[in-house]
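**Q** Sharing a structure with you now.
Residue numbers (our numbering): 103 to 354.
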């Protein structure tokens with residue numbers, strides 16, 4: 103009886119996710135010499151292992167005589183902006199260190215890529231007509247991705263943080279320097295908290311603290327800025343002036 107209970111308890115415990123794996127491949131964009139690219143293969147959801155996805159990355163190995171042992175790992179903002187394409191620029195910023203650029207899961211050079219052409223079209227249509235429904239297009243995109251088997255619950259900051267830690271371990275670096283921009287400053291702060299022994303320093307550019315909900319505040323901030331600068335009144339005055347005396351530009 104005791105054996106059956108223990109067996110039932112063992113079967114009820116979810117299996118631990120398999121360790122991350124490295125899969126090398128050609129770089130998707132032009133890179134400086136000494137750069138290699140690949141995928142970090144990880145669970146789509148670490149709390150429910152099963153489906154595995156690929157997170158793109160690039161590593162530029164420094165050839166400096168005084169090469170430092172701790173690299174710089176960079177992630178762009180967004181969310182979902184690409185990081186890999188900045189590898190060449192970053193290698194010039196940090197010539198005496200290896201540079202690692204990691205994509206966010208679901209972004210351009212990861213797989214799957216969670217692109218939403220539906221919302222891109224709706225946003226362009228909005229320029230032509232007030233009736234364009236961007237929110238409805240986003241729902242259409244969400245439903246399409248779900249139908250394709252994507253579990254959107256796995257695409258969040260917590261999982262992205264775990265991807266960064268897993269990449270350090272997979273590449274064999276004892277510690278590295280975190281470099282985050284905009285949204286990824288939030289990611290890198292959480293990486294530092296989750297992996298303190300693996301972090302030498304943290305650089306935060308255009309800091310986005312946890313207390314700020316950018317999407318809730320953006321419209322009000324933009325409106326307040328335009329009001330303070332008097333943009334609306336200045337624009338309307340310019341339109342009236344040009345209507346009364348149109349600008350004439352010679353062409354050939």
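Every residue, glycine too, gets a C-beta built ideally from N, C-alpha and C.
If I measure Cβ to Cβ from residue 303 and keep anything under 8 angstroms in the same chain, skipping five residues before and after, which residues do I get?
**A** Start at 1 with the first residue of the chain shown, and residue 303 comes out as number 201. Excluding sequence neighbours, residue 303 sits near 279, 280.
**Q** Should residue 149 be labelled buried (16 or more other beta-carbon atoms within 10 Å of its own) or exposed?
**A** Within the chain shown, the letter at position 47 stands for residue 149. Under this definition residue 149 is an exposed residue.
**Q** How about the stretch 205–220 and the stretch 315–331: do they share at least three Cβ pairs that are nearer than 8 angstroms?
**A** With a cut-off of 8 angstroms, the stretch 315–331 and the stretch 205–220 do not count as touching, because too few Cβ pairs lie within range.
**Q** Buried or exposed: where does residue 192 fall if 16 or more other Cβ atoms within 10 Å of its Cβ makes it buried?
**A** For the purposes of this step, residue 192 is taken as residue 90 along the chain shown, with counting starting at 1. Counting Cβ neighbours within 10 Å, residue 192 comes out buried, since at least 16 surround it.
**Q** Residues in its own chain within less than 8 angstroms of residue 145 by CB, not counting five upstream and five downstream?
**A** What you label residue 145 is simply residue 43 of the chain shown in a count that begins at 1. Cβ neighbours of residue 145 beyond the five flanking positions: 119, 120, 151, 152, 153, 154, 155, 256.
**Q** For residue 132 and residue 187, what's the separation of their Cα atoms in angstroms?
**A** Counting from one through the chain shown, the residue named residue 132 turns up at place 30. Counting from one through the chain shown, the residue named residue 187 turns up at place 85. Each residue's Cα considered, the two are about 8 angstroms apart.
**Q** Rounded to the nearest angstrom, how far is the Cβ of residue 209 from that of residue 184, given a contact under 8 angstroms?
**A** Working through the chain shown from its first residue, we reach residue 209 at position 107. Working through the chain shown from its first residue, we reach residue 184 at position 82. 6 angstroms between Cβ atoms; contact.
**Q** Drop a sphere of 10 angstroms on the beta-carbon of residue 351, count the other beta-carbons inside from all chains shown, and report buried for 16 or more, exposed for fewer.
**A** If you number the chain shown from 1, residue 351 lands on position 249. By the neighbour-count rule (16 or more Cβ atoms within 10 Å), residue 351 is not buried but exposed.
**Q** What residues are listed by DSSP as bridge partners for residue 307?
**A** Along the chain shown, one-based indexing puts residue 307 at 205. Looking at the DSSP assignment, residue 307 forms a beta bridge with 283.
**Q** Does the count of Cβ pairs from the stretch 199–207 and the stretch 260–278 closer than 8 angstroms reach three?
**A** With the cut-off at 8 angstroms, the stretch 199–207 and the stretch 260–278 touch.
**Q** Between the beta-carbon of residue 283 and the beta-carbon of residue 307, is there less than 7 angstroms?
**A** The count along the chain shown starts at 1 and reaches residue 283 at position 181. The count along the chain shown starts at 1 and reaches residue 307 at position 205. Taking 7 angstroms as the Cβ cut-off, residue 283 and residue 307 qualify as a contacting pair.
**Q** Would you kindly check if the distance between the Cβ of residue 292 and the Cβ of residue 267 is under 7 angstroms?
**A** Position 165 of the chain shown holds residue 267. Position 190 of the chain shown holds residue 292. Taking 7 angstroms as the Cβ cut-off, residue 267 and residue 292 do not qualify as a contacting pair.
**Q** If we count Cβ pairs, one from each stretch, closer than 8 angstroms, do we get three or more for the stretch 155–167 versus the stretch 234–241?
**A** The stretch 155–167, when compared against the stretch 234–241, does not touch it at the 8 angstroms Cβ threshold.
**Q** Pull up the distance between the alpha-carbon of residue 337 and that of residue 189, whole angstroms please.
**A** Numbered from its first residue, the chain shown carries residue 337 at position 235. Numbered from its first residue, the chain shown carries residue 189 at position 87. Their backbone Cα atoms lie some 40 angstroms apart in a straight line.
**Q** Let me know if residue 197 comes out buried or exposed under the rule of 16 or more other beta-carbons within 10 Å of its beta-carbon.
**A** The count along the chain shown starts at 1 and reaches residue 197 at position 95. By the neighbour-count rule (16 or more Cβ atoms within 10 Å), residue 197 is not buried but exposed.
**Q** By Cβ distance, which residues of its chain are closer than 6 angstroms to residue 123, with the 5 residues on each side in sequence left out?
**A** Numbered from its first residue, the chain shown carries residue 123 at position 21. Here the set comprises 143.
**Q** Does DSSP put residue 139 in a helix, a strand or coil?
**A** For this step, residue 139 is matched to residue 37 along the chain shown. Note: residue 139 maps to strand in three-state DSSP.
**Q** If you follow the beta strand (DSSP E) that residue 158 is part of, which residue opens it and which one closes it?
**A** Your numbering for residue 158 matches position 56 in the chain shown. Run containing residue 158: 154–162, per the beta strand (DSSP E) assignment.
**Q** Bridge partners for residue 204 per DSSP, in chain order?
**A** To locate residue 204, count along the chain shown from 1; it is residue 102. 159.
**Q** Is the separation between the beta-carbon of residue 179 and that of residue 286 shorter than 7 angstroms?
**A** Within the chain shown, the letter at position 77 stands for residue 179. Within the chain shown, the letter at position 184 stands for residue 286. For residue 179 and residue 286, yes; Cβs fall inside 7 angstroms.
**Q** Going by C-alpha distance, which of 182, 199, 348 is nearest residue 211?
**A** In the chain shown, the residue the question calls residue 211 occupies position 109. Answer by Cα proximity: 182.
**Q** Among 174, 194, 199, which residue has its Cα nearest to the Cα of residue 167?
**A** Locating residue 167 in the chain shown gives position 65, where the first residue counts as 1. Comparing Cα-Cα distances from residue 167 to each of 174, 194, 199, the minimum goes to 199.
**Q** Taking the runs of the alpha helix (DSSP H) that are 4 residues or longer, which of them lie wholly in the stretch 228–272?
**A** Runs of the alpha helix (DSSP H) inside the stretch 228–272: 236–249.
**Q** Rounded to the nearest angstrom, what separates residue 229 and residue 314 at their Cα positions?
**A** Stepping through the chain shown from its first residue, residue 229 is reached at position 127. Stepping through the chain shown from its first residue, residue 314 is reached at position 212. So the alpha carbons of these two residues sit roughly 29 angstroms apart.
**Q** Suppose you measure from the CA of residue 329 to the CA of residue 172; what does that come to, to the nearest Å?
**A** Translated into positions along the chain shown, residue 329 becomes position 227. Translated into positions along the chain shown, residue 172 becomes position 70. About 47 angstroms.
**Q** Please tell me whether residue 136 and residue 169 are closer than 7 angstroms, where the distance is taken between their beta carbons.
**A** Taking the first residue of the chain shown as 1, we reach residue 136 at position 34. Taking the first residue of the chain shown as 1, we reach residue 169 at position 67. Cβ distance not < 7 angstroms, so residue 136 and residue 169 don't count as in contact.
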